[in-house]
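Undergrad: Before we start, here is the structure in question, set down as structure tokens.
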Amino acid sequence: MINFDVIRHDEAVVLASAPLHTHSHFRTGGKAGLLVIPQSERAVVAIARQCIEANIPLYVVGQLSNVLVSDEGLDGVVMLLGHAFSKAHVEHSTITAEAGIWLSRLSAIAARHYLSGLEFACGIPGTLGASILINAGAYDGQFADIVKETRYLDAKGEIHVCHGDEHRFGYRQSRFIADRSLILTSKMILGEPEENMYHKMAVLAKKRRDSQPLSSLSCGSAFKRPEGYFAGKLISDAGLKGYTGNNAGVSAKHAGFIVNHGDASSADIVDVFNHVQDTVLERFGVLLEPEVRFAGHFDRIPAHAHTLDPLFGG
Ligand SMILES: Cc1cc2nc3c(=O)[nH]c(=O)nc-3n(C[C@H](O)[C@H](O)[C@H](O)COP(=O)(O)OP(=O)(O)OC[C@H]3O[C@@H](n4cnc5c(N)ncnc54)[C@H](O)[C@@H]3O)c2cc1C
């Protein structure tokens with residue numbers, strides 16, 4: 088087991104058999120064997136290194152806004168990075184921030200310093216680390232455009248720094264997915280002050296409110312954009328907009344979103360993913376690739392789905 092004596096008692100919150108549904112945007116999922124919420128980089132690194140050495144499965148998550156956790160939960164250690172690991176430092180046009188910072192806070196800090204380039208991120212509900220992992224983006228903005236340097240922990244427990252093109256960013260892609268790394272901090276270079284930055288953020292927020300089911304329980308776009316198509320349009324054209332299975336379904340407001348109507352289990356939600364993928368494939372011959380990641384045991388997950396496996400150990 089992990090020896091927590093290597094960190095001070097105030098450097099991490101540790102909870103045994105902790106429910107994960109309260110942290111998840113779908114509000115579903117079972118328990119974590121051990122939920123650890125580190126309060127410092129020292130704690131993040133020390134706990135990860137122990138998991139590596141003792142071969143204990145370590146899952147790293149942020150806001151769980153892009154993960155469906157199985158009803159059976161996750162054995163091992165779930166490390167949740169959030170407010171307690173979210174320091175940000177601004178110097179001239181550079182912001183360096185810890186991986187747990189929420190994008191809403193990060194973009195607000197940038198705007199407060201009149202630095203442009205993070206307006207696109209203000210409405211994405213996620214942490215910086217997860218958003219760099221998949222090069223999150225919206226409304227013509229993406230992390231690839233601003234991230235210059237990232238510090239990360241590799242599977243041997245060693246800290247490295249990568250720069251510029253070494254991030255190998257692509258559409259929902261970065262080197263950190265294949266290399267299985269724990270992102271610690273990132274340095275972003277932002278642009279000159281733009282007039283009306285706050286106005287631009289307000290316009291983007293309104294666009295989201297008008298088009299997305301923000302009051303529903305979802306993990307955002309369920310599927311990636313297939314080349315030459317829009318996932319939401321294909322789902323809508325297949326007659327699935329507003330489709331309801333067992334307590335979960337396709338949003339009636341935006342067909343690209345799969346939503347929990349309130350009492351769904353993760354099994355109910357994965358059934359909707361499978362049904363949508365099967366139907367669109369049958370109708371249009373297009374295989375939709377899930378954007379949401381699947382963590383833990385499911386009887387069946389959609390084809391080409393990313394599973395959230397332990398980052399290290401196990
Ligand atoms: C309403 C809504 C709207 C959304 N809109 C958008 C949008 O416009 N654009 C967009 O791109 N996404 C969008 N999303 C999806 C989601 O917010 C992003 O993918 C976000 O980056 C996920 O952040 P998170 O902290 O919740 O990650 P989680 O869901 O907790 O984790 C996602 C993945 O990141 C990994 N991870 C987390 N932290 C780290 C770390 N420090 N190092 C390495 N790996 C890590 C996890 O292991 C997991 O594989 C939306 C979601 C919702 C609910």
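In this text, residue positions in the sequence shown follow my numbering: the first is 88, and each later residue adds one. C-beta: ideal position from N, C-alpha, C; glycine also.
Using DSSP bridges, identify the partner residues of PHE381.
TA: Paired residue(s): LEU155, THR394.
Undergrad: Measuring only the C-alpha atoms, how far is LEU304 from ASN334?
TA: So the two alpha carbons sit approximately 11 Å from each other.
Undergrad: Let's see if you can read the secondary structure: which residues bound the alpha helix (DSSP H) around GLY216?
TA: That run of the alpha helix (DSSP H) goes 215-220.
Undergrad: Going by the CB atoms, is the gap between GLU159 and ARG129 shorter than 8 Å?
TA: In this structure, GLU159 does not lie closer than 8 Å to ARG129 by Cβ.
Undergrad: Does the structure place the stretch 133-143 close enough to the stretch 321-332 that three or more beta carbon pairs sit under 8 Å?
TA: The answer is no - the stretch 133-143 does not touch the stretch 321-332, with fewer than three Cβ pairs under 8 Å.
Undergrad: Determine the closest residue to LYS320 out of ALA197, LEU375, ALA351, with distance taken between C-alpha atoms.
TA: Minimum Cα distance to LYS320 is reached at LEU375.
Undergrad: Assuming PHE360 is part of the alpha helix (DSSP H), what are its boundary residues?
TA: Counting along the chain, the alpha helix (DSSP H) containing PHE360 begins and ends at 353-371.
Undergrad: For a test of the three-state rule: what should DSSP assign to MET166, helix, strand or coil?
TA: Looking at MET166 - three-state DSSP - the assignment turns out to be strand.
Undergrad: Less than 8 Å between the CB atoms is what I'm expecting for LEU301 and VAL147, so what's the real figure, rounded?
TA: The Cβ separation is near 26 Å, so there is no contact.
Undergrad: Assign VAL290 to buried or exposed, taking buried as 16 or more other Cβ atoms, counted over all protein chains shown, within 10 Å of its Cβ.
TA: It is exposed - the Cβ of VAL290 has fewer than 16 other Cβ atoms within 10 Å.
Undergrad: Count the other C-beta atoms from every protein chain shown that fall within 10 angstroms of the C-beta of ASN347, then say buried if there are 16 or more, exposed otherwise.
TA: Per the 10 Å Cβ criterion, buried.
Undergrad: Taking only three categories from DSSP, how would you classify LYS311?
TA: Of the three classes helix, strand and coil, the one that applies to LYS311 here is coil, per DSSP.
Undergrad: Consider the C-beta atom of GLN150 and the heavy atoms of ligand 1; say whether any pair is separated by less than 7 Å.
TA: Yes, Cβ of GLN150 sits closer than 7 Å to a heavy atom of ligand 1.
Undergrad: Report yes if the C-beta of THR366 is less than 7 Å from at least one heavy atom of ligand 1; otherwise report no.
TA: Checking the Cβ of THR366 against ligand 1 gives no.
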